[in-house]
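Participant: The sequence shown begins at 200 in my numbering and counts up one residue at a time.
Note that the Cβ used here is the ideal one computed from N, Cα and C, for glycine as well.
One structure, as structure tokens, below. Some questions next.
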Amino acid sequence: MAAAVSAEVIVWTTGDEDSRLVIVLAVLAIALTGPDVYRKGWAALRHRNLNINALMSIAVTGAVLIGQWPEAAMVMVLFALAELIESHALDCACNAIQSLMALTPDRVTVRGNDGVWAERDAAGVNVGALARVTPGERVGMDCQVTAGESTVNQAPITGKSMPVAKGVGDKVFAGTINESGSFEYQVTSLHSNSTLARIIRTVQEAQGKRAPTQRFIERFAAVYMPVVFVIALLVAILPPLFLGGDWMDWIYKALVLLVIACPCALVISTPVTVVSGLARAARAGVLIKGSVYLEQGAKLRYIALDKTGTITRGKPSLTDVVPVDDPDEAALFFAASLAARSDHPVSSAISRHWHDELAGTQLAEVESFKALGGRGTQGRIDGVLYHLGNTRLLDELGITNEQASSLIAKLEGEGKTAVALINGQRVFAIIAVADTIRPTSIEAVERLHRLGIHTVMLSGDNVAATASIARQVGIDDARGGLLPEEKLSVIDEELARHGSVGMVGDGINDAPALARSSIGFAMGAAGTDTAIETADVALLEDDLRKLPQFIVLSRATGAILKQNIGAALLIKIVFLILAIGGWATLWMAVFADVGASLLVIFNGMRLLRISLHERND
């Protein structure tokens with residue numbers, strides 16, 4: 200830089216561009232900053248690729264050949280400086296993600312087989328090992344508390360700023376901060392496969408998936424640069440040949456045009472913005488599987504939400520056991536035996552109630568168990584076939600029981616989910632469970648509405664219970680009694696006609712609908728491999744409020760991308776006019792290009808600090 204500036208100062212003060220000192224200083228500046236540019240440019244030319252380095256190499260070489268030594272030096276120095284700044288800016292954006300790696304300690308205090316506590320490398324600690332953490336330490340592994348209690352700051356993982364109380368049986372994530380007490384824990388995943396490690400891998404992989412704007416800019420640049428080179432060549436040749444222009448004057452203008460037209464700012468504007476957006480999302484507890492989804496989020500018009508585990512807590516409790524026909528005290532026993540074999544939330548509530556109320560009582564062995572998707576379960580107990588299911592299953596089995604139908608209607612009208620225990624054509628009892636709404640669901644739906652998003656609930660639960668929950672939360676439309684393929688049909692055939700559709704579910708049961716939607720959102724992704732791997736976007740901490748935060752971030756990303764592209768093009772147009780009029784010099788052209796690059800870089804990096812409250816832009 201000093202050599203190039205000195206050469207310019209000498210020319211300005213003496214007017215002698217061909218003095219030996221000017222040439223020496225210019226050559227020194229080019230020699231110190233140009234080798235890497237020339238190497239990349241030559242490699243591009245050998246592969247018939249006119250990239251930025253190739254155009255800049257041609258421009259500098261042309262300036263030297265026509266005797267513009269100080270300007271050739273200034274062009275090379277400023278371009279090399281711009282490359283360094285761009286690289287540093289991208290590193291800063293990437294470091295926002297890489298810094299997550301430093302959250303997990305390398306050493307963990309583990310109890311050995313001899314009962315002695317000793318520090319060990321976290322990478323060598325196996326699943327099932329017993330470890331402990333003291334106040335102020337970071338938790339080294341994903342784990343489950345086995346003794347003690349404390350409050351843990353989970354902000355690095357979930358984005359939730361308030362510390363969370365942890366006791367025996369609670370899960371804790373690697374990289375979180377133990378604040379007050381101390382506790383012992385059992386390791387539940389390897390250091391390389393912790394929730395934090397998966398978050399880092401997910402965001403890093405997302406960087407490799409080009410966003411639509413980024414792909415467009417790259418395709419545009421691939422066509423644009425050869426066209427610019429041809430135009431610059433024509434500017435250098437045609438006026439002297441046909442209009443009597445001065446060769447040196449028009450070659451100089453062509454070189455200025457070549458430098459001004461370099462799309463540095465355009466090319467750098469998208470990756471730095473996208474990486475900043477992905478890093479900001481990860482800090483907020485939103486994992487985005489590809490930059491394409493970061494852009495598409497701004498286009499969402501409809502959000503379809505599953506009920507159980509998304510709007511509600513997903514852990515309903517048993518509320519009623521009502522005998523039907525001949526009362527049978529064993530109804531709950533048979534129902535719990537079947538329910539224990541299923542992972543459906545309704546079945547889990549029944550089996551959990553049995554174990555909580557009658558701890559130690561053995562359930563029956565169930566043979567030929569089968570889960571009936573969207574209807575219930577079946578299995579044989581002591582050779583007798585039993586069914587546990589909803590009204591759809593009653594209809595399928597051809598069972599007509601007015602008392603059972605009346606009880607189910609009454610319980611569902613109360614917002615409960617009712618299932619029947621069936622043996623052949625006999626209905627033993629009607630069992631009802633009720634789920635509770637997540638405290639964050641109402642606020643999340645309100646925020647979505649403020650963003651102009653239309654909400655729809657799609658549930659396999661009965662119509663009455665679904666409608667009751669939808670009314671309490673404020674959801675626009677509710678559809679109950681849907682099988683998985685029917686949820687898919689609603690999204691594919693109804694909602695998609697109105698615009699881009701997002702689907703929020705648990706990442707497993709709602710897989711068909713999640714796959715068919717424009718963007719699939721998985722709830723409760725923290726610590727769940729399947730959710731992180733299958734969803735397009737994963738919302739940590741079971742907090743639906745992260746959904747409107749994602750949409751706000753997506754809209755902000757889209758706005759900044761448009762700002763960057765517009766600013767880069769405007770600066771190019773202004774300096775192209777100056778170049779054609781003969782008012783722009785080579786070093787001014789590079790300075791303008793550097794300025795445009797810095798402008799889009801710093802504008803893109805604003806996403807790292809942007810507020811995720813509602814915006815309507």
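Helix, strand or coil for Asn-377 per DSSP?
Facilitator: Looking at Asn-377 - three-state DSSP - the assignment turns out to be strand.
Participant: Once the 5 residues before and after His-653 are set aside, which same chain residues still bring their CB inside 7 Å of it?
Facilitator: Arg-500, Tyr-501, Asp-675
Participant: What first and last residue would you give for the beta strand (DSSP E) that runs through Glu-318?
Facilitator: For Glu-318, the uninterrupted beta strand (DSSP E) run begins and ends at 316 to 320, by DSSP.
Participant: List the DSSP bridge partners of Val-274.
Facilitator: For Val-274, which the question treats as bridged, DSSP gives no partner whatsoever.
Participant: For Thr-509, which of Ala-364, Met-255, Cys-342, Arg-744 has the nearest alpha-carbon?
Facilitator: Selected option, being the one with the closest Cα: Arg-744.
Participant: What is the rounded straight-line gap between the Cα of His-697 and the Cα of Leu-433?
Facilitator: 49 Å
Participant: Can the beta-carbon of Phe-720 be found less than 8 Å from the beta-carbon of Leu-620?
Facilitator: In this structure, Leu-620 does not lie closer than 8 Å to Phe-720 by Cβ.
Participant: Compare the C-alpha of Glu-740 against each of Ala-712, Pro-638, Ser-753 and name the closest.
Facilitator: Pro-638
Participant: Give me, in chain order, the residues of the same chain whose beta-carbon lies closer than 7 Å to that of Glu-566; leave out the 5 immediate sequence neighbours on both sides.
Facilitator: Gly-578, Arg-579
Participant: So, for Ala-453: in the same chain, excluding its five sequence neighbours on each side, which residues have a beta-carbon less than 6 Å away from its beta-carbon?
Facilitator: Ala-431, Val-434, Ala-435
Participant: Here's the rule: buried if 16 or more other CB atoms are within 10 angstroms of the residue's CB, otherwise exposed. What is Phe-382?
Facilitator: buried
Participant: Rounded to whole angstroms, what's the CA-CA distance from Gln-406 to Ile-668? Just pull it up for me.
Facilitator: Since pLDDT at Gln-406 reaches only 48, below the 50 mark, its modelled position is unreliable, and no value is offered.
Participant: Have a look at the DSSP bridge pairing and note the partners of Ser-370.
Facilitator: What sits at residue 370 in the sequence shown is Lys, not Ser. Looking at the DSSP assignment, Lys-370 forms a beta bridge with Gln-343.
Participant: For Ile-265, does the three-state DSSP call read helix, strand or coil?
Facilitator: Correct three-state label for Ile-265: coil.
Participant: What's the C-alpha gap between Leu-769 and Ile-459?
Facilitator: 12 Å
Participant: When the Cα atoms are used, what is the spatial distance from Glu-830 to Gly-347?
Facilitator: Nothing about residue 830 can be reported from this structure: the residues present for the chain run from 200 to 816 only.
Participant: Using the beta-carbon count (16 or more within 10 Å), is Gly-443 buried or exposed?
Facilitator: So Gly-443 counts as exposed.
Participant: Tell me whether Met-273 is buried or exposed, calling it buried when 16 or more other Cβ atoms sit within 10 Å of its Cβ.
Facilitator: buried
Participant: In angstroms, rounded to a whole number, what distance separates the CA positions of Met-804 and Ser-475?
Facilitator: 6 Å
Participant: Could you tell me the boundaries of the beta strand (DSSP E) in which Glu-522 lies?
Facilitator: Residue identity differs from the one stated: residue 522 is Pro in this sequence, not Glu. Pro-522: member of the beta strand (DSSP E) spanning 516 to 522, first to last residue.
Participant: Name the one or two DSSP bridge partners that Gly-575 has.
Facilitator: Leu-571, Gly-588
Participant: With respect to the alpha helix (DSSP H) encompassing Leu-768, which residues constitute its N-terminal and C-terminal limits?
Facilitator: Unbroken alpha helix (DSSP H) run through Leu-768: 745 to 779.
Participant: Quick check on Leu-807: does DSSP put it in helix, strand or coil?
Facilitator: Note: Leu-807 maps to helix in three-state DSSP.
Participant: Just verifying my parser: in three-state terms, what is the DSSP assignment at Gly-335?
Facilitator: Reduced to three states, the DSSP call for Gly-335 is coil.
Participant: Would you list the residues sitting across from Gly-704 in a DSSP beta bridge?
Facilitator: Ala-721
Participant: Can you list, in chain order, the residues of its chain whose CB lies under 7 Å from that of Pro-362, leaving out five sequence neighbours each side?
Facilitator: Thr-350, Val-351, Asn-352, Glu-378
Participant: Rounded to a whole number of angstroms, what is the C-alpha to C-alpha distance between Ser-516 and Ala-548?
Facilitator: 5 Å
Participant: Thinking C-alpha only, which one of Ala-483, Phe-372, Gly-380 is nearest Ser-388?
Facilitator: Phe-372
Participant: What does Ile-229 pair with, by DSSP beta-bridge criteria?
Facilitator: According to the DSSP secondary-structure assignment, Ile-229 is paired through a beta bridge with no residue.
Participant: Would you mind sorting Ala-725 into buried or exposed? The rule is 16 or more other CB atoms within 10 Å of its CB.
Facilitator: The pLDDT assigned to Ala-725 is 49, lower than 50, so where the model puts this residue is not dependable; a value taken from the coordinates is nonetheless given after this. Answer is buried; the Cβ neighbour count reaches 16.
Participant: Between the alpha carbons of Ala-279 and His-246, how many angstroms are there, rounded?
Facilitator: 22 Å
Participant: What residue range is occupied by the uninterrupted alpha helix (DSSP H) comprising Cys-326?
Facilitator: Note that residue 326 corresponds to Val in the displayed sequence, not to Cys. Counting along the chain, Val-326 falls outside any alpha helix (DSSP H), and DSSP gives it neither H nor E.
Participant: Can you tell which of Ser-716, Leu-283, Gly-339, Gly-311 has the C-alpha that lies nearest to the C-alpha of Asp-305?
Facilitator: Gly-339
Participant: How long is the line joining the alpha carbons of Leu-224 and Ala-202, rounded to whole angstroms?
Facilitator: One C-alpha to the other measures close to 5 Å.
Participant: Is Leu-593 a contact residue of the ligand MG, with contact defined as CB to any heavy atom under 7 Å?
Facilitator: As for the ligand MG, it is missing from this structure, which has no ligand bound.
Participant: Kindly indicate the opening and closing residues of the alpha helix (DSSP H) around Ile-674.
Facilitator: In the DSSP annotation of this structure, Ile-674 is not part of any alpha helix (DSSP H), being labelled neither H nor E.
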